[in-house]
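Q: Chains as they are written, first to last, in the working numbering: chain U, 11 to 261; chain D, 11 to 261.
Glycine included, C-beta positions come from ideal geometry on N, C-alpha and C.
In this text the structure is predicted, and so the values were computed from the model without any measurement.
Number of protein chains: 2
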Amino acid sequence: MNGRTDGGDGLVRINGVALWRQIADRIRQSIGNHEYDETGMIPPETELAERFGVNRHTVRAAVAALSREGVLRSERGRGTFVVRQELYSFPISRRTRFSEGLGEQARVFDGDLLETCEEPASAKLAERLGLEAGARVIRVETVRRADGVALSRSSSWFPSERFAGISEAFLATRSVTAAFRKLGLHDYVRKHTDVTASHAMPDDCKALGLSPGAIVLIARSLNTDLDGVPVQYAVTRFAADRVRISIDSEA
Amino acid sequence: MNGRTDGGDGLVRINGVALWRQIADRIRQSIGNHEYDETGMIPPETELAERFGVNRHTVRAAVAALSREGVLRSERGRGTFVVRQELYSFPISRRTRFSEGLGEQARVFDGDLLETCEEPASAKLAERLGLEAGARVIRVETVRRADGVALSRSSSWFPSERFAGISEAFLATRSVTAAFRKLGLHDYVRKHTDVTASHAMPDDCKALGLSPGAIVLIARSLNTDLDGVPVQYAVTRFAADRVRISIDSEA
DNA sequence: GAGTATTTGTTCGTATGTATG
DNA sequence: TCATACATACGAACAAATACT
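#1: Following the continuous beta strand (DSSP E) through residue 89 (chain U), name the residue where it begins and the one where it ends.
#2: Pull up the distance between the alpha-carbon of residue 26 (chain U) and that of residue 207 (chain U), whole angstroms please.
#3: Shorter than 8 angstroms from the beta carbon of residue 68 (chain D) to some beta carbon of chain U?
#4: Taking the DSSP output, what are the residues bridged to residue 136 (chain U)?
#5: Counting contacts by CB-CB distance shorter than 8 angstroms, is residue 115 (chain D) in contact with chain U?
#6: Closer than 7 angstroms by C-beta to residue 227 (chain U): which residues in its own chain qualify, once you throw out the five before and the five after it? Chain order, please.
#7: Using the three-state DSSP reduction, which class does residue 81 (chain D) fall into: helix, strand or coil?
#8: Here's the rule: buried if 16 or more other CB atoms are within 10 angstroms of the residue's CB, otherwise exposed. What is residue 195 (chain U)?
#9: So residue 38 (chain U) packs on residue 81 (chain U), CB below 8 angstroms; how close in whole Å?
#10: What does the Cβ neighbour count give for residue 83 (chain D), buried or exposed, with the cut at 16 atoms within 10 Å?
#11: Who are the near neighbours of residue 214 (chain D) in its chain, counting only those whose CB is closer than 7 angstroms to its CB and skipping five residues on each side?
#12: Tell me whether the beta-carbon of residue 179 (chain U) lies closer than 8 angstroms to the beta-carbon of residue 192 (chain U).
#13: From the DSSP output, which residues share a beta bridge with residue 234 (chain D)?
#14: Residue 129 (chain D) and residue 147 (chain D): beta carbons closer than 8 angstroms?
#15: What separation, rounded to the nearest whole angstrom, lies between the Cα atoms of residue 239 (chain D) and residue 140 (chain U)?
#16: Whose C-beta lies closer than 8 angstroms to the C-beta of residue 131 (chain U) among residues of the same chain, with five residues either side of it excluded?
#17: For residue 126 (chain D), which residues of its own chain have a beta-carbon under 6 angstroms away from its beta-carbon, when the five flanking residues on both sides are left out?
#18: Over what stretch of residues does the beta strand (DSSP E) that includes residue 218 (chain U) continue unbroken?
#19: Do residue 102 (chain U) and residue 203 (chain U) count as a contact pair if the criterion is CB distance below 8 angstroms?
#20: According to DSSP, what are the bridge partners of residue 101 (chain U)?
#21: Between residue 51 (chain D) and the rest of its own chain, which residues show a CB-CB distance below 6 angstroms, the 5 nearest in sequence each way excluded?
#22: Per DSSP, residue 155 (chain D) is paired with what?
#23: Any idea what DSSP makes of residue 64 (chain U), helix, strand or coil?
#24: Is there a Cβ from chain U that is less than 8 angstroms from the Cβ of residue 205 (chain D)?
#25: How long is the line joining the alpha carbons of residue 165 (chain U) and residue 244 (chain D), rounded to whole angstroms?
#26: Can you confirm whether residue 39 (chain D), when its beta carbon is compared against all beta carbons of chain U, has any partner nearer than 8 angstroms?
#27: Going along the region 85 to 103 of chain U in order, which residues come within less than 8 angstroms of chain D, judged by CB to CB distance?
#28: Starting from the C-beta of residue 229 (chain D), find all residues in its chain whose C-beta is less than 6 angstroms away, skip the five residues before and the five after it, and write them out in chain order.
#29: Please report the residue range of the alpha helix (DSSP H) in which residue 178 (chain D) lies.
#30: For residue 170 (chain D), name the three-state secondary structure that DSSP assigns.
#31: Cβ of residue 144 (chain U) less than 8 angstroms from any chain D Cβ?
#32: Taking residue 31 (chain D) as part of the alpha helix (DSSP H), name the residues at either end of that continuous run.
#33: Can you list the residues of chain D that residue 52 (chain U) reaches, using a CB-CB cut of under 8 angstroms?
#34: Assign residue 250 (chain U) to one of three DSSP states: helix, strand, or coil.
#35: At which residues does the alpha helix (DSSP H) containing residue 9 (chain D) begin and terminate?
#36: Looking at chain D, is there any beta carbon in it that lies within less than 8 angstroms of the beta carbon of residue 148 (chain U)?
And the structure:
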């Protein structure tokens with residue numbers, strides 16, 4: 011069966027990744043690139059099948075997966091439509107804050123505190139936060155949503171000594187900025203951010219409502235107070251099909 | 011590490027991605043996170059099989075795939091070893107330049123010009139470059155390598171009118187900075203960068219030597235001259251298991 | 001309203017790939 | 001290496017809802 015003389019578009023059978031999943035990914039990407047017109051209707055299954063050089067069943071499997079994810083919605087006799095075209099744009103700058111950054115892209119922002127605990131810092135973490143090896147830190151696990159859609163999942167670490175009670179403060183205010191303020195820190199800045207990407211772990215799928223095999227953008231970031239003393243290290247995992255990271259390099 | 015406590019297992023049997031490929035991706039990620047000790051030796055197959063809750067055959071398939079990619083090297087009787095531990099870190103700032111940024115992380119940098127042509131700008135591209143709709147642009151497709159390893163693949167667009175001959179200049183110098191200089195533009199700055207992630211397309215796999223199903227980090231960037239006039243729009247696709255994007259938010 | 005084309009939804013069967021023991 | 005169970009992909013229908021003339 012594998013004589014896949016890739017017709018119009020180029021798609022090759024790949025070891026280990028099902029054809030329907032590759033097609034789902036390409037459709038998802040086409041949506042992100044605004045390759046479909048404004049009606050939000052994607053080409054009919056027969057046309058996609060021909061374009062990708064696969065059977066219609068295979069396209070249907072891809073569309074079914076995207077429908078389960080809430081990306082597409084099919085209507086018998088009418089066609090298949092994109093549910094939401096735009097990615098949320100998450101800006102990174104010296105003054106990065108979560109909900110402020112997303113600004114007017116959604117009407118409602120909220121989040122959950124999944125878990126919090128105090129633990130000894132690993133060697134790497136202690137170094138990043140400028141603490142002595144084994145110093146205690148408070149870890150806070152959160153999920154952020156915009157208009158009810160989960161966008162990201164974060165693990166944050168704060169020095170215990172300076173920010174005792176930060177998890178309660180966060181729980182009360184649902185905002186790191188506000189929690190810091192409650193504890194006497196009135197301003198902080200983003201020092202550095204590293205961005206990588208990887209497949210979603212089972213935890214990500216659960217917390218973000220992703221279909222397994224989805225991609226997450228991972229931002230590892232360090233915030234400091236105005237004197238340059240580290241106050242927070244965070245690993246944030248964004249659903250890559252919902253969020254774009256945006257960097258303005260202004261002078 | 012990281013207190014992530016997925017208790018040893020945490021592998022979901024997902025539709026569309028073969029188990030051995032998921033395991034290969036997790037091993038790749040563990041390497042990126044430095045979860046293996048400095049000897050570079052990964053746990054024996056039986057242990058990995060037990061940890062992931064799969065048959066040893068399946069782990070072997072994953073290790074075989076990573077060995078084909080050059081990520082692992084198995085030695086009979088000794089074990090399986092990581093070939094290169096570190097990700098290359100690609101910094102983004104107002105003065106982003108490709109090889110300067112990678113600096114001392116590799117000994118040899120080079121690249122190929124895959125293809126170049128002149129074409130009319132799409133509506134979106136014209137807007138981004140501040141051109142009239144349908145103005146002509148020069149597109150340049152390149153691949154960049156560090157120490158012989160392909161890191162990224164770029165499509166760049168330059169306004170034809172201002173930068174006629176840029177592809178020849180780039181071909182001669184192998185550097186955008188030098189090519190600009192040849193054409194009389196002595197300095198330029200990075201205005202904006204958008205980062206997303208997606209599965210590698212067949213073209214990426216070919217150009218970057220990726221195994222299918224791999225992930226690419228996609229940076230869409232705009233460079234301007236010192237007067238703020240756009241001079242280059244580029245889409246760069248990085249192999250996510252080789253490169254990390256790094257953002258310093260200095261004042 | 002009738003008739004036709006278009007589009008998604010469903011059911012067979014068959015061959016190959018993946019994972020286990 | 002072999003045998004078994006399940007997922008993936010193909011092909012050829014046909015059914016049902018919608019859109020257009």
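A: Reading from the atomic positions:
#1: As a position in the first sequence, residue 89 (chain U) is number 79, starting the count at 1. It spans 89 to 92 - the beta strand (DSSP E) in which residue 89 (chain U) sits, taken as one unbroken run.
#2: As a first step, residue 26 (chain U) must be located in the first sequence, where it is residue number 16. As a first step, residue 207 (chain U) must be located in the first sequence, where it is residue number 197. Rounded to whole angstroms, residue 26 (chain U) to residue 207 (chain U) spans 19 angstroms at the Cα level.
#3: Residue numbering aside, residue 68 (chain D) sits at position 58 when the second sequence is read from its first letter. Nearest CB-CB separation between residue 68 (chain D) and chain U: not below the 8 angstroms threshold.
#4: For this step, residue 136 (chain U) is matched to residue 126 along the first sequence. According to DSSP, residue 136 (chain U) bridges with nothing at all.
#5: The count along the second sequence starts at 1 and reaches residue 115 (chain D) at position 105. No, no contact with chain U.
#6: Position 217 of the first sequence, counted from the first residue, corresponds to residue 227 (chain U). Cβ neighbours of residue 227 (chain U) beyond the five flanking positions: 205, 207, 248, 250, 253 and 255.
#7: Stepping through the second sequence from its first residue, residue 81 (chain D) is reached at position 71. Here residue 81 (chain D) sits in coil by DSSP.
#8: Taking the first sequence and counting its residues from 1, one reaches residue 195 (chain U) at position 185. The residue in question, residue 195 (chain U), is buried, as its Cβ has 16 or more Cβ neighbours within 10 Å.
#9: By 1-based counting over the first sequence, the position of residue 38 (chain U) is 28. By 1-based counting over the first sequence, the position of residue 81 (chain U) is 71. About 6 angstroms separates the beta carbons of residue 38 (chain U) and residue 81 (chain U), which is inside the 8 angstroms limit, making them a contact pair.
#10: Mapped onto the second sequence, residue 83 (chain D) falls at position 73. Its Cβ having fewer than 16 others within 10 Å, residue 83 (chain D) is exposed.
#11: Here residue 214 (chain D) corresponds to residue number 204 of the second sequence, with the count starting at 1. The answer, listed in chain order, is 163, 220, 226 and 247.
#12: For the purposes of this step, residue 179 (chain U) is taken as the residue at position 169 of the first sequence. For the purposes of this step, residue 192 (chain U) is taken as the residue at position 182 of the first sequence. Yes.
#13: The residue labelled residue 234 (chain D) in the question sits at position 224 within the second sequence. Paired residue(s): D:199 and D:240.
#14: Residue 129 (chain D) sits at position 119 when you count from the first residue of the second sequence. Residue 147 (chain D) sits at position 137 when you count from the first residue of the second sequence. Contact flag set, yes.
#15: Within the second sequence, the letter at position 229 stands for residue 239 (chain D). Within the first sequence, the letter at position 130 stands for residue 140 (chain U). Between residue 239 (chain D) and residue 140 (chain U), the C-alpha separation is close to 42 angstroms.
#16: Against the first sequence, residue 131 (chain U) aligns to sequence position 121. Cβ within range, chain order: 139, 141, 143, 144, 145, 146, 147 and 167.
#17: Residue 126 (chain D) sits at position 116 when you count from the first residue of the second sequence. Excluding residues within five positions, the ones whose Cβ falls inside 6 angstroms are 150 and 177.
#18: Residue numbering aside, residue 218 (chain U) sits at position 208 when the first sequence is read from its first letter. Note, residue 218 (chain U): premise wrong, no beta strand (DSSP E); alpha helix (DSSP H) at 212 to 218.
#19: Here the question's residue 203 (chain U) lines up with position 193 in the first sequence. Here the question's residue 102 (chain U) lines up with position 92 in the first sequence. For residue 203 (chain U) and residue 102 (chain U), yes; Cβs fall inside 8 angstroms.
#20: Here residue 101 (chain U) refers to the residue found at position 91 of the first sequence. DSSP output for residue 101 (chain U) lists U:256 as bridge partner(s).
#21: One-based indexing of the second sequence puts residue 51 (chain D) at position 41. The answer, listed in chain order, is 89 and 91.
#22: Position 145 of the second sequence, counted from the first residue, corresponds to residue 155 (chain D). According to DSSP, residue 155 (chain D) bridges with D:120 and D:160.
#23: Here the question's residue 64 (chain U) lines up with position 54 in the first sequence. It is coil, neither helix nor strand.
#24: For this step, residue 205 (chain D) is matched to residue 195 along the second sequence. Yes - at least one Cβ of chain U is within 8 angstroms of the one on residue 205 (chain D).
#25: Translated into positions along the first sequence, residue 165 (chain U) becomes position 155. Translated into positions along the second sequence, residue 244 (chain D) becomes position 234. Each residue's alpha carbon lies about 32 angstroms from the other.
#26: Here residue 39 (chain D) corresponds to residue number 29 of the second sequence, with the count starting at 1. Yes, residue 39 (chain D) counts as interfacial toward chain U.
#27: 97, 99, 102 and 103
#28: Stepping through the second sequence from its first residue, residue 229 (chain D) is reached at position 219. Closer than 6 angstroms at Cβ, skipping near neighbours: 203, 205 and 246.
#29: Taking the second sequence and counting its residues from 1, the one referred to as residue 178 (chain D) is at position 168. Counting along the chain, residue 178 (chain D) sits inside the alpha helix (DSSP H) bounded by residues 176 to 183.
#30: As a working note, residue 170 (chain D) is residue 160 in the second sequence. Three-state DSSP puts residue 170 (chain D) in coil, outside helix and strand.
#31: Within the first sequence, the letter at position 134 stands for residue 144 (chain U). Not one beta carbon of chain D lies nearer than 8 angstroms to the beta carbon of residue 144 (chain U).
#32: Here residue 31 (chain D) refers to the residue found at position 21 of the second sequence. Per DSSP, the continuous alpha helix (DSSP H) segment holding residue 31 (chain D) begins and ends at 29 to 42.
#33: Looking up residue 52 (chain U) in the first sequence gives position 42. None at all; the shortest Cβ gap to chain D is about 17 angstroms.
#34: Reading the first sequence from its first residue, position 240 is the one you call residue 250 (chain U). Coil, per DSSP.
#35: Residue 9 (chain D) lies beyond the stretch modelled for chain D, which goes from 11 to 261, so this question has no answer here.
#36: On the first sequence, position 138 is the one that residue 148 (chain U) refers to. No, residue 148 (chain U) does not count as interfacial toward chain D.
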